Amino acid sequence: MSETIVNATLFSKFKKTQARRSEKLPDITGLTLGEFHADSGLDIISGEADIYLCSGTGSRSGKKYLLKYYRRENAVKPDVLEKLKTVASPFVAPVSGFGSYMGHQYAARPYYEMSTLAELLSEGVRFSEEELRTLIIPSVTEGLKAVHDAGILYKDLKPANLIPDDTREHIVLIDFGISSHAGKNTFVVTETGMTLCYAAPEALQGIFHRETDYYALGITVFELFTGFTPFQNPGLSPETAARLAAISKIEFPEDFPEGLKKLVQGLTYKDISHRNEQGNPNRRWGYHEVRRWLQGEDVPVPGECEDVQRKFLPYKFGGVFHKTQESLVKALLKAPASGIMEAERGILTHHFSLFAPDLENICRKAETNLRKGINWVSCYQVFYRLMYRLSPELKTIFCGGKEFGSLAELGEAAVTSAVKQNTAFVSGFRLLQSSFLDFYAENVLKSAAASDILRKADKILSLREWSDDQFAWILGYALSKKRNLRIGDKNFRAPGKLLKYLRKLEKEQGFSGYFKYAEEHRKELEFFAAVIPEARSKQALKLVLKDLASGAVFGRGELYFKNATAFDYYVGKLLRDKDAASLRRLCNSYGPALREVSEEVWQSSSYENLRRTVSGFPMVRRRSRGRSDTEMPKTITVNGIIYPAALRVKAGDYFRFGSYPQNIGCEKEPIEWLVLEVKGNEALLVSRYGLDCKQYHHEKTVTSWQNCDLRKWLNSAFLETAFTKEEQRRIGLSKVPNGGESEDVSSSDDITRDRVFCLSCAEAERYFKNVAERQCQPTEYACRQGACINSTNGCCYWWLRAPLPSPECAPRVFSNGYLDSYFDSSGGRINFRDTVRPALWLIWNL
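To get my numbering, take the position in the sequence shown, counting from 1, and add 28.
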């Protein structure tokens with residue numbers, strides 16, 4: 029329930045309670061029970077306990093409490109109190125503590141300064157329909173729902189147990205003296221006492237359930253408006269009142285509001301035989317009916333509703349005459365786009381107006397909302413809710429023109445459709461998730477487990493913009509046990525089948541065939557490794573990715589090795605075959621690269637072993653034919669990084685260096701860099717993607733690149749996280765001008781010395797030829813950190829360092845590639861969170 033600000037005139041009706049000294053039980057004034065010091069007795073009449081105003085001690089120091097000191101033994105059920113301690117609702121007085129003293133129980137709750145509603149009634153105060161609608165009824169309804177959800181039947185709802193809290197925004201349920209813990213039962217049979225004039229017919233027989241509490245709410249609402257309960261009506265003769273009470277029929281005064289009358293009639297309906305039939309109009313009202321009434325819906329009054337199925341008129345839709353309401357609803361749900369038009373044009377409203385005015389009103393409200401719909405999602409939201417109100421007993425769900433008996437069946441269909449690239453189904457599935465699935469789980473299935481599954485899936489889905497197929501896989505895996513996946517043009521029934529295929533490929537074609545296939549489909553493997561729910565399958569796919577990370581490609585595919593062990597085995601085989609020429613050629617061609625790969629990637633002695641082996645061979649003298657015996661050094665590629673480090677590059681090339689969290693699981697991956705400029709043995713690099721999302725500075729104040737938080741973060745936390753100590757040695761300490769457009773560092777006084785920095789406006793214009801080249805996409809990790817993405821091109825804003833356009837602002841590049849200063853000289857506010865593209869000068873042949 030949203031908080032309601034109630035007119036102060038309502039609270040002017042309340043008054044503070046007065047202190048008194050109690051004499052009926054041993055006086056505990058001045059004693060400390062638990063954490064509660066009894067200050068004084070309160071002038072509150074109670075037949076079951078003496079009541080004290082207490083001060084909290086220890087952890088409760090500085091707060092006031094009301095303590096009830098009960099006369100009879102076992103006055104309060106301990107299991108109820110234990111359950112109440114778990115209820116966290118502003119509409120239920122929390123149990124602050126309980127125990128016993130001198131053979132009598134006591135229980136404490138927070139002290140509220142205002143008087144109860146019963147005290148006001150005794151003084152002639154009455155409550156208007158507006159006061160009941162805006163504060164009292166919503167508060168009590170939410171309070172009952174909270175205790176019912178905790179497995180507690182209240183059993184004593186009446187004005188004497190309702191009091192406003194000190195915020196004056198809620199009415200609070202107090203006094204759970206006769207409440208029962210129902211556990212998993214929907215009702216209990218008990219001999220506990222009750223206040224008879226609020227008791228439902230079944231309560232008089234000792235049977236209580238949730239609807240019994242709502243019956244008492246109806247009587248309470250009647251009394252708060254009139255000042256008396258229905259069967260204590262001073263306008264009725266004693267004989268008439270007794271007769272009406274016997275049949276539980278309420279006689280309403282002439283001035284009783286019609287809307288309030290419907291509420292009381294719904295809450296006090298005598299017949300409880302349909303109480304578990306949520307869609308049956310002839311059932312006593314409970315939480316959902318009261319909420320609908322509060323929202324202004326025309327909820328049918330039980331006992332006055334006829335069975336609409338018996339009077340349903342045939343309806344032609346999709347070329348078929350539907351003879352039952354259920355058949356029509358299912359047909360509309362199988363063709364939702366046509367169904368929405370049917371509802372929006374008023375055709376459904378007109379049809380139901382012929383025989384079911386209550387359903388006509390429901391359709392008319394949906395018709396109005398559909399015409400206000402701003403997009404398809406909002407229209408589908410209205411449509412689906414309308415359908416399940418027209419057929420409240422319906423539990424199945426529809427997508428792609430098919431009916432599914434459960435969310436698990438729907439999930440299986442989504443996975444199958446993603447594998448088969450059924451674009452129509454997966455796009456419809458995506459629309460269903462955004463418009464209805466949460467509502468379906470919570471309000472149709474009423475399943476907390478299903479709601480929890482959807483919430484967890486939503487967290488993954490919100491990390492980035494997924495394709496329709498990826499979306500279907502993620503949510504389909506969450507809803508079902510089906511684990512089909514597609515890699516390239518091949519479909520696999522489970523991750524195990526994919527792994528079996530890869531091992532077969534390796535056996536038949538060697539590691540090169542396995543590696544080429546896995547590398548070609550690396551992105552798909554990374555996706556499934558991230559979203560497959562089962563840890564075992566996830567780990568198996570990560571092992572394949574690990575093979576890609578350590579697998580080495582010699583030259584342009586002359587040789588492939590999974591790891592150092594595989595390479596050493598190959599060298600051993602050449603040695604056993606006495607193939608000295610191949611060993612010498614291997615060492616001469618790949619020596620520089622192999623040395624770096626052995627030390628930095630494999631962390632093995634493979635290079636040294638090969639070198640020592642070759643050095644032990646006798647020198648073979650050859651007759652010179654005018655060319656050198658030494659071949660040109662060749663490269664080795666591991667995980668996209670080309671070795672040796674002295675490899676020549678040119679502006680526009682991409683390569684990998686360092687690592688940083690980039691994927692959904694926040695796992696570190698190699699960073700891809702764009703070469704902007706090469707000077708001698710140094711190259712200016714900028715990250716290909718936006719790697720993180722940071723503020724330029726933490727507070728909105730005048731600052732500079734020299735003093736901003738972003739510079740400090742790049743040269744400390746980012747530097748340490750992204751690069752090893754050896755890699756950091758290869759990053760030059762650069763003179764970075766940031767005072768203006770001039771890049772002559774000798775002429776600028778505003779110079780910093782940084783290893784990592786952001787590009788300036790001038791550099792962003794010089795190194796990128798146009799706005800398209802300046803556009804940048806964020807990593808999944810940057811999205812998770814809050815990067816703002818352009819829904820059209822998937823690109824983001826990214827920070828520049830200088831010049832600062834105005835105080836409290838910093839330059840940046842728009843998601844469309846334009847510089848911020850082109851549009852607004854104020855730039856981006858420094859405390860905004862934009863994406864970061866680090867730049868640095870890398871020393872190649874250190």
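Idealized CB from N, CA, C, for every residue including glycine.
Since this is a predicted model, take the numbers as computed values, not measurements.
Assign residue i to one of two classes, buried (16 or more other C-beta atoms within 10 Å of its C-beta) or exposed (fewer than that).
| i | result |
| --- | --- |
| Glu-697 | buried |
| Phe-645 | exposed |
| Asn-512 | buried |
| Leu-311 | Correcting the residue type first, residue 311 is Arg in the shown sequence and not Leu. Buried is the call here. |
| Tyr-130 | In the sequence on display, residue 130 carries Met and not Tyr. By the 10 Å Cβ count, Met-130 comes out exposed. |
| Phe-349 | exposed |
| Glu-332 | exposed |
| Thr-863 | buried |
| Arg-794 | exposed |
| Glu-51 | Residue confidence is low: Glu-51 scores 45 on pLDDT, short of 50, so the model does not pin down where it sits. Its coordinate-derived value is still stated next. Glu-51 comes out exposed. |
| Gly-538 | exposed |
| Leu-181 | buried |
| Arg-650 | Low local confidence applies: a pLDDT of 41 at Arg-650 is under 50, so the model's placement there is unreliable, and no value is given. |
| Tyr-682 | exposed |
Report the three-state DSSP secondary structure of residue i (helix, strand or coil).
| i | result |
| --- | --- |
| Arg-739 | helix |
| Asn-389 | helix |
| Phe-453 | helix |
| Trp-869 | strand |
| Ser-490 | coil |
| Val-104 | coil |
| His-176 | helix |
| Arg-857 | strand |
| Lys-753 | helix |
| His-132 | strand |
| Glu-710 | strand |
| Pro-285 | coil |
| Cys-427 | strand |
| Thr-593 | helix |
| Cys-823 | coil |
| Phe-383 | coil |
Please tell me whether residue i has its Cβ less than 8 Å away from any Cβ of chain B.
| i | result |
| --- | --- |
| Tyr-618 | The structure shown contains no chain B; it holds only a single protein chain. |
Check for me: the alpha helix (DSSP H) holding residue i runs from which residue to which?
| i | result |
| --- | --- |
| Arg-639 | 634-643 |
| Ala-609 | 608-624 |
| Lys-678 | Per DSSP, Lys-678 belongs to no alpha helix (DSSP H) and is neither H nor E. |
Could you give the distance in angstroms between the alpha-carbon of residue i and the alpha-carbon of residue j?
| i | j | result |
| --- | --- | --- |
| Glu-636 | Arg-623 | 8 Å |
| Ser-634 | Leu-587 | 15 Å |
| Ser-475 | Pro-330 | 26 Å |
| Pro-138 | Tyr-93 | 4 Å |
| Ser-406 | Glu-158 | 31 Å |
| Trp-733 | Ala-485 | 40 Å |
| Leu-576 | Val-666 | 8 Å |
| Glu-370 | Gly-347 | 13 Å |
| Tyr-545 | Asn-591 | 17 Å |
| Phe-746 | Val-784 | 9 Å |
| Ala-136 | Thr-60 | 12 Å |
| Lys-728 | Asp-737 | 12 Å |
| Ala-359 | His-316 | 27 Å |
| Leu-53 | Asp-78 | 7 Å |
| Tyr-825 | Leu-868 | 20 Å |
| Asp-55 | Gly-69 | 9 Å |
| Leu-602 | Thr-641 | 11 Å |
If I follow the unbroken beta strand (DSSP E) through residue i, where does it start and stop?
| i | result |
| --- | --- |
| Ile-235 | 235-237 |
| Trp-701 | 696-707 |
| His-5 | Residue 5 lies beyond the residue range present for the chain, which begins at 29 and ends at 874; the question has no answer from this structure. |
| Gly-524 | That residue, Gly-524, is in no beta strand (DSSP E); its alpha helix (DSSP H) goes 523-548. |
| Gly-84 | 77-84 |
| Pro-689 | 682-689 |
| Cys-407 | Premise fails: Cys-407 lies in the alpha helix (DSSP H), 404-418, not in any beta strand (DSSP E). |
| His-726 | Unbroken run through His-726: none, as it is neither H nor E. |
- How do the stretch 803-822 and the stretch 833-851 stand: do at least 3 beta-carbon pairs fall below 8 Å, yes or no? yes
- Message: Assess contact between the stretch 173-185 and the stretch 110-120, defined as three or more Cβ pairs (one per stretch) separated by less than 8 Å. Is contact present?
- Response: yes
- Query: Is there contact between the stretch 829-840 and the stretch 513-532, where contact requires at least three CB pairs shorter than 8 Å?
  - Reply: no
- the stretch 410-429 touching the stretch 463-472, judged by at least three CB pairs closer than 8 Å: Below 8 Å, enough C-beta pairs join the stretch 410-429 and the stretch 463-472 to call them touching: three or more.
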